[in-house]
Amino acid sequence: MVEAAKRLLQCNSTSTNSLSITFLLMQTPTADSMSGITECYLRSVDSLNLPIHFQQLPAVEPPAQFDGPEEFITIYVQLHLPHVKDAIAASGSRVAALILDPFTTSLIDLGNELNIPCYIFHTSNAAFLSLVLHLPILDEKIKQEFSEIDGPIKVPGVSPIPSHFMPPILMNKKSGAYKSFLYLGRRYMEAKGIIVNSSIALEERVLKAVEQGQCTPDKPAPAIYPIGPIVSIPKVGPEQHECVKWLDLQQQKSVIFLCFGSRGGFELPQIKEMAIGLERSGHRFLWAIRAPCTGIK
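Residue numbers (numbering that gives the first Met the number 0): 0 to 296.
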């Protein structure tokens with residue numbers, strides 16, 4: 000979200016209206032082993048002399064009773080509501096908007112109470128956004144588990160998804176994870192707009208599907224603001240990585256890029272199967288791959 004804030008300030012640099020951004024930070028309920036890294040990062044942001052500020056909210060007592068980690072997060076965020084309200088009141092300036100991450104969508108109610116527009120910063124790609132927005136409709140149409148469906152599952156703007164390839168967190172409708180994303184799909188629609196960590200160049204078809212209301216045909220389409228991809232990349236000197244040099248020599252739209260993210264670890268046999276498939280495709284490809292991780296599927 001900090002990188003998104005930097006992008007927002009860059010876009011506002013030519014405006015006559017000054018803009019500053021304040022992050023309200025909730026303390027983790029347990030000892031934070033990453034606190035040193037976090038503090039180091041915050042100091043690096045402060046050194047940039049940008050109008051970005053960080054405010055630590057008072058600690059709250061974690062909930063004693065909850066049904067799973069998803070409900071814990073929901074309750075824990077709601078316990079901070081009075082402190083968020085106090086921080087807004089003490090800001091001393093007009094609050095133009097509240098930008099919420101998916102874990103804090105319950106604070107939309109506070110925005111409505113204070114007449115402050117709320118925006119969701121969806122940190123995943125637009126394809127997953129389409130799935131989240133469309134999930135309440137899928138939930139009504141498909142009463143059984145997704146794994147019990149014979150044919151593919153259709154999500155607007157996305158190629159048909161084989162039922163057994165749906166995200167694991169959505170494969171059990173009775174789980175807290177599924178109910179949590181179902182809740183997100185409904186609450187996203189209450190926001191003034193959704194900021195997406197993607198771009199039209201990367202996901203034009205799915206972004207158009209969302210903007211045209213295909214995900215939520217019974218409701219007005221949400222305003223979508225693709226500002227990505229937002230990543231923290233150090234400045235590159237004159238020497239480029241050999242992969243970038245190779246890409247510069249290829250024709251436009253001629254290279255397949257494959258990346259499963261920071262948690263995409265696979266066993267060696269799976270990696271070999273994917274490699275064979277890529278070779279048989281006959282297309283040039285660039286594959287960002289992690290080392291094989293035993294036990295991760």
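The beta-carbon is built from N, C-alpha and C at its ideal position, and this holds for glycine as well.
From a predicted model like this one, the values you see are computed outputs, not experimental measurements.
With which residues is T21 paired in a DSSP beta bridge? For this step, residue 21 is matched to residue 22 along the sequence shown. Looking at the DSSP assignment, T21 forms a beta bridge with H52.
Alpha carbon to alpha carbon, what distance is there between L132 and V304? Lying outside 0 to 296, the shown extent of the chain, residue 304 is not represented and no answer is given.
Per DSSP, I119 is paired with what? Taking the sequence shown and counting its residues from 1, the one referred to as residue 119 is at position 120. Bridge partners of I119: L99 and I193.
Inter-residue Cα distance where the pair is P155 and P221: The residue given as residue 155 occupies position 156 in the sequence shown. The residue given as residue 221 occupies position 222 in the sequence shown. About 14 Å.
For C258, which of helix, strand or coil comes out of DSSP? As a first step, residue 258 is located in the sequence shown; it is residue number 259 there, counting from the start. If DSSP states are grouped into helix, strand and coil, C258 belongs with the strands.
DSSP-derived helix/strand/coil call for L248: The residue you call residue 248 lines up with position 249 of the sequence shown. Looking at L248 - three-state DSSP - the assignment turns out to be coil, as it is neither helix nor strand.
What is the DSSP secondary structure of R42, counted as helix, strand or coil? On the sequence shown, position 43 is the one that residue 42 refers to. DSSP places R42 in helix when its eight states are reduced to three.
Just to confirm, is the Cβ distance from I20 to A3 under 7 Å? Taking the first residue of the sequence shown as position 1, residue 20 is located at position 21. Taking the first residue of the sequence shown as position 1, residue 3 is located at position 4. Cβ distance not < 7 Å, so I20 and A3 don't count as in contact.
Distance between E70 and P81 (C-alpha atoms, nearest Å): As a first step, residue 81 is located in the sequence shown; it is residue number 82 there, counting from the start. As a first step, residue 70 is located in the sequence shown; it is residue number 71 there, counting from the start. Their backbone Cα atoms lie some 19 Å apart in a straight line.
Let me make sure I understand the geometry here. Which of P28, C242, A125 and R6 has the alpha-carbon closest to that of I74? Here the question's residue 74 lines up with position 75 in the sequence shown. Ranking P28, C242, A125 and R6 by Cα distance to I74 puts P28 first.
Assign F284 to buried or exposed, taking buried as 16 or more other Cβ atoms, counted over all protein chains shown, within 10 Å of its Cβ. Within the sequence shown, the letter at position 285 stands for residue 284. Result: exposed.
Three-state secondary structure (DSSP) of L47: Here residue 47 refers to the residue found at position 48 when the sequence shown is read from its first residue. In this structure, L47 counts as coil in the three-state DSSP scheme.
Per-residue burial, G260 [other beta carbons within 10 Å of its own, 16 or more giving buried]: What you label residue 260 is simply residue 261 of the sequence shown in a count that begins at 1. With fewer than 16 Cβ atoms within 10 Å of its Cβ, G260 is classed as exposed.
Rounded separation between K252 and H282 - CA only: Here residue 252 is taken as the residue at index 253 of the sequence shown, counted from 1. Here residue 282 is taken as the residue at index 283 of the sequence shown, counted from 1. Going by the C-alpha atoms only, they are around 11 Å apart.
If we count the other Cβ atoms within 10 Å of its Cβ and call it buried at 16 or more, is E139 buried or exposed? Reading the sequence shown from its first residue, position 140 is the one you call residue 139. Its Cβ having fewer than 16 others within 10 Å, E139 is exposed.
Beta-bridge partners of Y224, as assigned by DSSP: Residue mapping note: residue 224 aligns to position 225 of the sequence shown, counting from 1. Note: Y224 sits in a beta bridge opposite I194.
Considering only DSSP beta bridges, list what F284 is partnered with. On the sequence shown, residue 284 is found 285 positions in, with the first residue counted as 1. Bridge partners of F284: I255.
If V205 and I223 are in contact, beta carbons under 8 Å, what's the gap, nearest whole angstrom? Stepping through the sequence shown from its first residue, residue 205 is reached at position 206. Stepping through the sequence shown from its first residue, residue 223 is reached at position 224. Not quite, the Cβ-Cβ distance comes to about 10 Å (not below 8 Å), so this is no contact.
Compare the beta carbon distance of L97 and I72 with 7 Å and say whether it is the shorter of the two. For the purposes of this step, residue 97 is identified with residue 98 of the sequence shown, where counting begins at 1. For the purposes of this step, residue 72 is identified with residue 73 of the sequence shown, where counting begins at 1. Taking 7 Å as the Cβ cut-off, L97 and I72 do not qualify as a contacting pair.
Under the three-state reduction of DSSP, which class applies to I152: helix, strand or coil? As a working note, residue 152 is residue 153 in the sequence shown. Looking at I152 - three-state DSSP - the assignment turns out to be strand.
In its own chain, which residues sit with a C-beta less than 6 Å from the C-beta of L56, not counting the 5 before and 5 after it? Taking the first residue of the sequence shown as 1, we reach residue 56 at position 57. L23, M25, H79 and H82, listed in sequence order.
Paired residues, beta bridge with I160 - DSSP: Locating residue 160 in the sequence shown gives position 161, counting from the first residue. Answer is I152, bridged to I160.
Backbone CA spacing between S179 and A125 [nearest angstrom]: Position 180 of the sequence shown, counted from the start, is the residue given in the question as residue 179. Position 126 of the sequence shown, counted from the start, is the residue given in the question as residue 125. Approximately 19 Å, taken between the alpha carbons.
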